[in-house]
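Written below as structure tokens is the structure these notes are about.
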Amino acid sequence: MANTYSQLFIHYVFAVQNRKCLITSEWETDLFKYINGIIEQQKHKLYIINGVPDHIHMLVSMNPTQAPSEFIYNVKRSSSLWINQNKFCNTKFKWQEGFGSFSVSMSQNKRVINYIERQKQHHKKETFIKEYKKILSAYEVDFNEEFIFHSVI
């Protein structure tokens, strides 16, 4: 797309199905590298990825040729296949349906990067649901409690 210039930073949040704690430290780094490869294949740039056993955060500079929903569909589909092929879990691994995507201005990039970097420490004090509701509120996103990422019943 000649003469098209953009700077689109998106903070993505997505969870393991039923928020099961399946992502372990033994293979988390490999998962993050694999996801980075998916992102690069789609002509985007990963700034940071981090998470805890039940969900992931990432900040991505997006190429304007692809919608966020298509992008995250490809990331989740390909990474879940990779996790299952490598038999990292004793059960079939699936990502939860849905995701969060939040635009980030250039002036807020460092703050978001620091926030994502500190996920493990952050979740020693705060639950995922509480964190996610705070993000939704900060971005003034209307939401229905019934459709927030479901936990194990």
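Just so you know, the numbering used here puts 70 at position 85 of the sequence shown, and the rest follows in order with no gaps.
C-beta: ideal position from N, C-alpha, C; glycine also.
Buried/exposed call for residue i, threshold 16 Cβ in 10 Å
i: V60; result: buried
i: F128; result: exposed
i: V126; result: exposed
i: S122; result: exposed
i: D39; result: buried
Cα-Cα separation, residue i to residue j
i: E11; j: F17; result: 12 Å
i: L44; j: Q2; result: 21 Å
i: G36; j: A52; result: 23 Å
i: I101; j: Y117; result: 13 Å
i: W80; j: E13; result: 15 Å
i: F73; j: E82; result: 20 Å
i: N(-12); j: L31; result: 23 Å
i: L7; j: H108; result: 16 Å
i: I120; j: S86; result: 10 Å
i: Y19; j: Y(-10); result: 28 Å
i: R103; j: T50; result: 31 Å
i: T112; j: I41; result: 13 Å
i: I78; j: Y124; result: Note that residue 78 corresponds to Phe in the displayed sequence, not to Ile. Straight-line Cα distance between these residues: approximately 30 Å.
i: E130; j: N75; result: 30 Å
i: I33; j: S64; result: 17 Å
i: K110; j: S46; result: 29 Å
i: D15; j: R62; result: 16 Å
7 Å CB neighbourhood of residue i in its chain, flanking five on each side removed
i: F84; result: Y(-3), V(-2), F(-1) and I57
8 Å Cβ shell around residue i - same chain, five flanking residues per side excluded
i: I133; result: I114, Y117 and K118
i: I9; result: In the sequence under discussion, the amino acid at residue 9 is Thr, which differs from the Ile named in the question. Closer than 8 Å at Cβ, skipping near neighbours: P38 and F73.
i: K105; result: N35 and V37
Close beta carbons around residue i, own chain, < 6 Å, minus the five adjacent residues each side
i: K28; result: N48
Item to complete: May I ask you to verify whether the segment 50 to 57 touches the segment 13 to 29, counting CB pairs closer than 8 Å and requiring at least 3?
Response: yes
Practice prompt. Just list the alpha helix (DSSP H) runs in the segment 61 to 137, keeping only unbroken ones of 4 residues or longer that don't cross its boundaries, in chain order.
Written response: 94 to 102, 104 to 107 and 113 to 123
Item to complete: Flag this pair as touching only if the segment 88 to 101 and the segment -6 to 3 have three or more C-beta atom pairs under 8 Å; answer yes or no.
Response: yes
Discussion item. Using 8 Å as the cut-off, can you tell me whether the segment 92 to 104 makes contact with the segment 68 to 83, which would need three or more C-beta pairs spanning the two stretches below that distance?
Written reply: no
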